[in-house]
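**Student:** Numbering (our numbering), first residue to last: 912 to 1065.
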Amino acid sequence: MSLRPLILLSVFSLLAACSSDAPQPQPPTPGPAPQQAQKKAREAAELGPLPAYQRELSGTLQGVPDGAEVELALLVIDDKDRPQQLIASSSLIGTNQALPFRLRFNPDSFPAGARVELRGRASQSGQLILHLPSRTITQPTTQALGQMQFVKAP
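1. Just mark Val1062 as buried or exposed, buried being the case when its beta carbon has 16 or more other beta carbons within 10 Å.
2. According to the neighbour-count rule (16 or more other Cβ atoms, all chains shown, within 10 Å of its Cβ), is Ile998 buried or exposed?
3. Can you give me the start and stop residues for the beta strand (DSSP E) that Gln1035 sits inside?
4. Which two residues bound the contiguous beta strand (DSSP E) that contains Leu1003?
5. Between Gly959 and Met1059, which are expected to be in contact by the criterion C-beta below 8 angstroms, what is the C-beta distance as a whole number of angstroms?
6. With a threshold of 8 angstroms, are at least 3 pairs of Cβ atoms found where one atom belongs to the stretch 1005-1013 and the other to the stretch 1045-1052?
7. What number of angstroms, rounded off, separates the C-alpha of Leu972 from the C-alpha of Gly1031?
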């Protein structure tokens, strides 16, 4: 048997295998980030009663658009306004209405004599759109902070 028919057969087989229909485009599905944020938001809403060993900051966030991912963090801040330690954090999803929050933390992780602040940011489609002006937290106690207004990010 000559080599020429074998080569032609191989080339035609390769062309036949490569000529299948193009794959149909799939509709975009939400990525893992929004799903994780929604899961965290549900978990935050279902925290249950406050355990004796924890404290809680609570209040409502104003000005958060529908679908925006909100991140709150209780941070130890140094003299140069840089975060040094994360004490607690929470994620929520905006509803275009007053958004209640509850941020639980261990009072033992609250350093004595250090500056501790509550900071927040809101992002939509991965882009920072709003931030929460820093709020100094002086005592590791349960506190109701009331209404807190988000402002446009610089």
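For every residue, glycine included, the Cβ atom is placed at its ideal position computed from N, Cα and C.
Since the model is a prediction, treat every value here as computed from it, not as a measurement.
**Tutor:** Let me lay it out:
1. Sixteen is the threshold: since fewer than 16 other Cβ atoms of the shown chains lie within 10 Å of the Cβ of Val1062, the residue is exposed.
2. buried
3. 1026-1035
4. 994-1004
5. Their Cβ separation, rounded to whole angstroms, is 24 angstroms, which puts Gly959 and Met1059 out of contact at 8 angstroms.
6. In this structure the stretch 1005-1013 does not lie against the stretch 1045-1052, because fewer than three pairs of beta carbons, one per stretch, are closer than 8 angstroms.
7. 10 angstroms
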